[in-house]
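First up is the structure itself, then whatever we jot down about it.
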Amino acid sequence: MTTVLSPAHPDAALDTPFTIAGREFRSRLLVGTGKYASNDAMVRAIDASGAEVVTVAVRRVNLDRTRDEGILYHLDPQRFFLLANTAGCYNADDAVRYARLARAAGFNEWVKLEVIGDAETLLPDTAGLLDATRTLAAEGFKVMAYSNDDLVTALRLEDAGAVAVMPLASPIGSGLGLLNEFSIRTIKHRLSVPVIVDAGVGTASDACLTMEQGVDGILMNTALAAAADPVRMATAMRSAVEAGRLAYLAGRMPRREVAVPSSPTEGLLE
Amino acid sequence: MSDITVSSATITPVVNGEARSIRAGSTMGDLLRTLALDPQLVVVEHNRAILRDRAQYDALRLATGDTIEIVHFVGGG
């Protein structure tokens, strides 16, 4: 049992429901489960994040030491919504195979689709991503497609049947934050399906700024797992996502290049 | 491999990329029990076909040269 700081949660009435493909989710912060120093650290950080959706990867069971390495020994699938990814896939066929294996685990028909095109940047292979999205959508999968921050790619993914598009803030694991606010805003403005920014967020201000663009949510992993104190960072991210969301809904004041006094200009002493 | 009995009547399917000797006549269910794997926590692919119904494990007899992939969920982003 961990004691977690309780950030000020916005009254639910202040936000709008967060819905993907007709399913309502509690938290706009989605988290990964990779790269933690220990399973215990992972579980405590995820608790602190308040996330409902947690991503998992599909890999061969290590037959020589099977116990303890499966994520389901540590995360209760009744408590979290398991979103399997196709990380590590470099073509549509492999991604489809991984997605089918994940669905056969029996939890749900959702997949975070990754088709990677370049090993150094882990940027997506757009053609493969579209192919795999079409195939999986036709098989009844709910495809959440990890995409670059390109509007036309995002539009094509929506046309191909993705239930959400997940443009990157910056490359996976980079922690560089939101590199192109304009692209993300434009994608959100033009798409009908939810837009979840996935990858690149490094710290709380990145998450807040990203949510201020109006996107529906953020998925992050390394920002929590690689923080010196993952529980504190998860708590900060939870607040940042909520703060950014509310600031977006509140509507920021216009920017001005000159000062405008906040105090009355009348009644000043002679 | 220490817990797998090797006798004259064995077959050698390829499991997760590695040839494994198991008793002839073994089923997929036998293989999972031998490997001490909980069927509820893994997904099995047999010769590139995913076995979506776990109830069929005990009816599926394995043969030399079969390719079996046993996967599960691990941490990932």
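Quick mapping for you: the protein sequence lines, in order, are chains A and B. Numbers in the numbering used here are just positions in the first sequence, counted from 1, shifted up by 3. Numbers in the numbering used here are just positions in the second sequence, counted from 1, shifted up by 1. Cβ coordinates follow ideal geometry from the N, Cα and C atoms, glycine included. Small disclaimer: the values here were computed from a predicted structure and weren't measured.
Going by alpha carbons, who is nearest to residue i out of the options?
| i | options | result |
| --- | --- | --- |
| residue 160 of chain A | A:21, A:107, A:197, A:43 | A:197 |
| residue 123 of chain A | A:41, A:93, A:207, A:268 | A:93 |
| residue 43 of chain B | A:55, A:23, A:107 | A:107 |
| residue 78 of chain A | A:56, A:89, A:170, A:169 | A:56 |
| residue 181 of chain A | A:191, A:170, A:157, A:213 | A:213 |
| residue 59 of chain A | A:52, A:73, A:65 | A:73 |
| residue 143 of chain A | A:230, A:102, A:151 | A:102 |
| residue 80 of chain A | B:10, B:41, B:20, B:26 | B:41 |
| residue 184 of chain A | A:153, A:42, A:135 | A:153 |
| residue 164 of chain A | A:133, A:151, A:76, A:173 | A:133 |
| residue 232 of chain A | A:48, A:22, A:20 | A:48 |
| residue 26 of chain B | B:70, B:58, B:50 | B:58 |
| residue 40 of chain A | A:158, A:230, A:172 | A:230 |
| residue 62 of chain A | A:170, A:97, A:46 | A:97 |
| residue 114 of chain A | A:24, A:217, A:76, A:244 | A:24 |
| residue 84 of chain A | A:128, A:64, A:16, A:53 | A:53 |
| residue 140 of chain A | A:95, A:179, A:273 | A:95 |
| residue 186 of chain A | A:264, A:109, A:158, A:222 | A:158 |
On the CB-based measure, 16 or more other CB atoms within 10 Å of its CB, does residue i come out buried or exposed?
| i | result |
| --- | --- |
| residue 162 of chain A | exposed |
| residue 146 of chain A | buried |
| residue 149 of chain A | buried |
| residue 86 of chain A | buried |
| residue 192 of chain A | exposed |
| residue 225 of chain A | buried |
| residue 38 of chain B | buried |
| residue 219 of chain A | buried |
| residue 121 of chain A | exposed |
| residue 131 of chain A | buried |
| residue 19 of chain B | exposed |
| residue 273 of chain A | exposed |
| residue 234 of chain A | buried |
| residue 10 of chain B | exposed |
| residue 172 of chain A | buried |
| residue 62 of chain B | exposed |
| residue 109 of chain A | exposed |
| residue 16 of chain A | exposed |
Rounded to whole angstroms, what is the Cα-Cα separation between residue i and residue j?
| i | j | result |
| --- | --- | --- |
| residue 200 of chain A | residue 75 of chain B | 22 Å |
| residue 7 of chain B | residue 31 of chain B | Unreliable positioning characterises residue 7 of chain B in this predicted model, as indicated by a pLDDT of 49, which lies under 50. A coordinate reading is not provided. |
| residue 138 of chain A | residue 99 of chain A | 8 Å |
| residue 45 of chain B | residue 252 of chain A | 46 Å |
| residue 194 of chain A | residue 188 of chain A | 10 Å |
| residue 60 of chain B | residue 67 of chain B | 15 Å |
| residue 255 of chain A | residue 16 of chain B | 58 Å |
| residue 209 of chain A | residue 166 of chain A | 25 Å |
| residue 268 of chain A | residue 261 of chain A | 16 Å |
| residue 34 of chain A | residue 24 of chain B | 43 Å |
| residue 65 of chain B | residue 47 of chain B | 12 Å |
| residue 66 of chain A | residue 238 of chain A | 36 Å |
| residue 89 of chain A | residue 259 of chain A | 45 Å |
| residue 53 of chain B | residue 104 of chain A | 9 Å |
| residue 250 of chain A | residue 211 of chain A | 9 Å |
| residue 111 of chain A | residue 228 of chain A | 25 Å |
| residue 30 of chain A | residue 78 of chain B | 17 Å |
| residue 175 of chain A | residue 203 of chain A | 5 Å |
| residue 242 of chain A | residue 156 of chain A | 31 Å |
| residue 271 of chain A | residue 246 of chain A | 37 Å |
| residue 73 of chain B | residue 42 of chain A | 16 Å |
| residue 35 of chain B | residue 37 of chain A | 29 Å |
| residue 27 of chain A | residue 55 of chain B | 30 Å |
| residue 51 of chain A | residue 20 of chain A | 21 Å |
| residue 151 of chain A | residue 136 of chain A | 15 Å |
| residue 18 of chain A | residue 21 of chain B | 56 Å |
| residue 207 of chain A | residue 170 of chain A | 18 Å |
| residue 168 of chain A | residue 179 of chain A | 20 Å |
| residue 64 of chain A | residue 14 of chain B | 16 Å |
| residue 215 of chain A | residue 29 of chain B | 52 Å |
| residue 68 of chain A | residue 45 of chain A | 21 Å |
| residue 257 of chain A | residue 129 of chain A | 37 Å |
Which residues share a DSSP beta bridge with residue i?
| i | result |
| --- | --- |
| residue 19 of chain B | B:16 |
| residue 176 of chain A | Paired residue(s): none; residue 176 of chain A is not in a bridge. |
| residue 70 of chain B | B:46 |
| residue 22 of chain A | A:27 |
| residue 75 of chain B | A:60 |
| residue 11 of chain B | B:24 |
| residue 62 of chain B | B:28 |
Please give me, in chain order, every unbroken run of the alpha helix (DSSP H) with length at least 4 that falls completely inside the segment 186-235 of chain A. 207-214, 225-228
Could I get the ranges of all uninterrupted alpha helix (DSSP H) runs contained in the segment 23-59 of chain B, with 4 residues as the minimum, in chain order? 29-35
What residue ranges within the segment 33-107 of chain A form continuous alpha helix (DSSP H) runs of no fewer than 4 residues, ordered along the chain? 42-52, 95-107
Write down every uninterrupted run of the beta strand (DSSP E) in the segment 109-172 of chain A whose length is 3 residues or greater and which is fully enclosed by it, in chain order. 113-116, 145-150, 167-170
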